[in-house]
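There are 2 protein chains.
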Amino acid sequence: MKIVVDCHGSDLGAKVAVEGSVKAINENEDLTVVLCGVEEEIKHILSNLDYNEKQVEICPATQIIYNTESPTEAVRKKKDSSLVRAYERLKEDKDVVGLVSCGSTGAVLTGAILKIGRIKNISRPALCPILPTANGGKVLLIDSGANIDCKPINLAHFAIMATCYAKAYLNIENPRVALLNIGVEDKKGNQFSHECFELLKSAPINFVGNMEARDFLSGKYDIVVADGFDGNILLKSVEGTASMVLGEIKKGIQNSFMAKIGALFMKRTFKNLKNTFNTSNYGGAAFLGVKKLIVKGHGASDALAFEKSILQVKTLANFNLCKSIETQVALLGDLNGGD
Amino acid sequence: MKIVVDCHGSDLGAKVAVEGSVKAINENEDLTVVLCGVEEEIKHILSNLDYNEKQVEICPATQIIYNTESPTEAVRKKKDSSLVRAYERLKEDKDVVGLVSCGSTGAVLTGAILKIGRIKNISRPALCPILPTANGGKVLLIDSGANIDCKPINLAHFAIMATCYAKAYLNIENPRVALLNIGVEDKKGNQFSHECFELLKSAPINFVGNMEARDFLSGKYDIVVADGFDGNILLKSVEGTASMVLGEIKKGIQNSFMAKIGALFMKRTFKNLKNTFNTSNYGGAAFLGVKKLIVKGHGASDALAFEKSILQVKTLANFNLCKSIETQVALLGDLNGGD
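Top line first, the protein sequences correspond to chains A and B.
Quick note: the first sequence uses the working numbering, first residue 211, plus one each step.
Quick note: the second sequence uses the working numbering, first residue 211, plus one each step.
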């Protein structure tokens, strides 16, 4: 099995991408990574690492797509960028099952749709990150920002795709799906909420009803479905609030000698907390609904995050996630007389 | 000056409402509270307190509206409830400047619109809670859930109302207003975001552009404007995440002897943190856009929260907030050729 890695565009540069890739192959002898990027730089980083040379291919590229660029324009014009070369390889080489990138989210999504294409019946692929919950579990959010104007049928597709994904990656047999809303009662929310609610009820998933944003991390749900606008607000607000609370604690420790001593005794508690919120441990966000596996890691990904994202693609490929999504979505099409 | 207090419907019952009211008058001899609720109960609570009898009136009621009831039905049918009696008194007595309730949010909003009515030109009054920011400051969110389907003009009104409110209550001369969006660039978001953005630019406020949910508590903004659906998601997600993070720390302390010792040394840090997130210190959420002052406190309000909410109404009345809102909104009407 081959997985292509876009080695540029993330905050920490090619070094962590290559190191993470090497860690992944060193644990999996049936895996080959295709490293896309500036050849000389990749070779230089590789020269300091131990690995089986048969498990590494280099796919040369001379350009890098940055976060600040217009995604569509960058994907169209930067034909020799690491991301575009990675997508071409993913498209053309049937042995390559998926792609990992920690670069510009917009460019990764645009590239996936333009170069790889959507799964049959799915008009809106969606981004699906993993977040920690209070009971030590995990929750999936879909869509976290790929589609800002959605129809109810799109949310039904999101729910089905994430259900397949939760089975494949989180080993949850019958994932509990909730609709993001402003209250838990069936009739809560606006017209869009009501239509989504009805459609989700009839979809081939385990729909458990509406969820308030307050309960997102409660562990009561495995999958939370939302349009990309609201999903993005939910995701960013969790990130902002967690970082604000932890920042206030840090400030308290810095400003007090007593608190500094206390923090030493609480080292393990804080370390666990940091681990809980360390997205490197979970792999990246899957972009579901395109014909091959795409995992978009955090811009600040370290080598561990690259490694986890690559192994994530491997797990999903073994499960045959894209096929499973296609089959399940077709089932909804039959139930609802097509899209 | 008189302020009417709905003594029932909150989690801790009439005791905290009456005690908070008495604290408020004991610090302000020009203030009278009109306590609405079950007469015998209120008299019994008062009998244990020291206060000037001239500063307390009782407005008897025999019914209570609960959170579980349909707001519109409850306000219409429970004519002898503490909330409906409070609204009647607020409407009929010109000396009563405002109302404080910690009961059912839906019933408080419905009552305000049915019994008191909207300020001229404002079709959508909105709920405006106060949240803490990282730099020890405060941020207003409007609308946090009163209006789930909004037009851009409603958001312009929200921005103007909250600007008047921030001047009156937070003493901010030129409050920075941001639009909740999924990115900071001018063209981010959906069609609705774009229309709101253009209208806010032309409104008589200090509009500083789009804000990502991640920056809500950063202290970079004084007012965040959103439709009630997205505002509600933002608010609830902040509450849920803060409570999840603090809960994980608590769990860590309970599960480890070392952490227990550490927590003793960090007592002040945790106390400050708890204080930062203790909404009792800020007063309640103002319901802006109706003809009299309405403050809705948290359902779990204690006596301190009631006291702060009453004093909040007093401050807003001294500023003549409703008049100020009417004047400023009329200004927008002129700019945009009316609503």
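Where a beta carbon is used, it is the ideal one built from N, C-alpha and C, also for glycine.
Check, Outcome
"Residues of its chain near B:Lys225, where Cβ-Cβ distance is below 7 angstroms and the 5 sequence neighbours each way are ignored", "Ile255"
"B:Ala366 - DSSP class collapsed to helix/strand/coil", "helix"
"Beta carbon proximity, B:Arg424 to chain A, threshold 7 angstroms", "yes"
"Buried or exposed (CB count within 10 angstroms, at least 16 for buried), A:Leu309", "buried"
"Beta strand (DSSP E) segment containing A:Val215, residue limits", "212 to 216"
"Among B:Ile332, B:Gly355, B:His404, B:Glu517, nearest to B:Ala540 - alpha-carbon criterion", "B:Ile332"
"Within 7 angstroms of chain B by C-beta, residues of the segment 395 to 420 of chain A in sequence order", "Gly399, Asn400"
"According to DSSP, residues forming a beta bridge with A:Cys532", "Looking at the DSSP assignment, A:Cys532 forms no beta bridge with any residue, so it has no partner."
"Between the CA atoms of B:Gly247 and B:Leu293 - distance to the nearest angstrom", "8 angstroms"
"Chain-ordered chain A contacts of B:Arg478 [CB-CB under 8 angstroms]", "Gly462, Ser466, Met468, Ala469"
"Whole-angstrom distance between B:Leu341 and B:Gly313, CA atom to CA atom", "20 angstroms"
"Proximal chain B residues relative to A:Asp221, where beta-carbon distance stays under 8 angstroms", "Those do not exist, as A:Asp221 stays about 16 angstroms from chain B at its closest Cβ, beyond 8 angstroms."
"Integer-rounded CB distance, given that A:Glu298 should sit under 8 angstroms from A:Lys264", "Contact flag wrong, Cβ pair sits at about 23 angstroms."
"Run of the beta strand (DSSP E) containing B:Ser311, from where it starts to where it stops", "306 to 311"
"Cβ pair A:Leu337, A:Ala366 closer than 7 angstroms", "no"
"Rounded straight-line distance, which links the Cα of A:Leu389 to that of A:Ala473", "39 angstroms"
"Sequence-distant residues of the same chain with beta carbon closer than 7 angstroms to B:Cys217, five excluded per side", "Ala224, Ala227, Val228, Leu245, Cys246, Gly247, Ile252, Ser292"
"C-alpha gap between B:Gly493 and B:Ser519, whole angstroms", "4 angstroms"
"Contact list for B:Ala284 against chain A, beta-carbon separation under 7 angstroms", "In chain order: nothing, as chain A lies at least about 15 angstroms away."
"Extent of the continuous alpha helix (DSSP H) run through B:Asn236", "224 to 237"
"Chain-ordered chain B contacts of A:Ser447 [CB-CB under 8 angstroms]", "Ala423, Arg424, Phe426, Ile443, Leu444, Ser447, Val448, Thr451"
"A:Ile275 versus A:Lys470 - alpha carbon distance", "43 angstroms"
"C-beta contact flag for B:Ala423 and A:Met454 at 7 angstroms", "no"
"Under the three-state DSSP convention, the category A:Val523 falls into", "helix"
"Distance between beta carbons of A:Gly393 and A:Asn420, contact taken as under 8 angstroms", "7 angstroms"
"C-alpha gap between B:Ala495 and B:Tyr375, whole angstroms", "11 angstroms"
"Min CB distance B:Lys518 to chain A below 7 angstroms", "no"
"B:Thr550 to A:Lys506 span [Cα, whole Å]", "Residue coverage of chain B in this structure runs from 211 to 549, which leaves residue 550 of chain B outside it and unanswerable."
"Cross-strand partners of A:Asn420 (DSSP beta bridge)", "A:Leu389"
"CB contact check: B:Ala271 to chain A, cutoff 7 angstroms", "no"
"Closest Cα partner of A:Glu517 within the set A:Val232, A:Thr479, A:Gly327", "A:Val232"
"Closer than 7 angstroms to chain A by CB, B:Ala227", "no"
"Amino acids of chain B, ordered along the chain, whose beta-carbon sits closer than 7 angstroms to that of A:Asn482", "Gly462"
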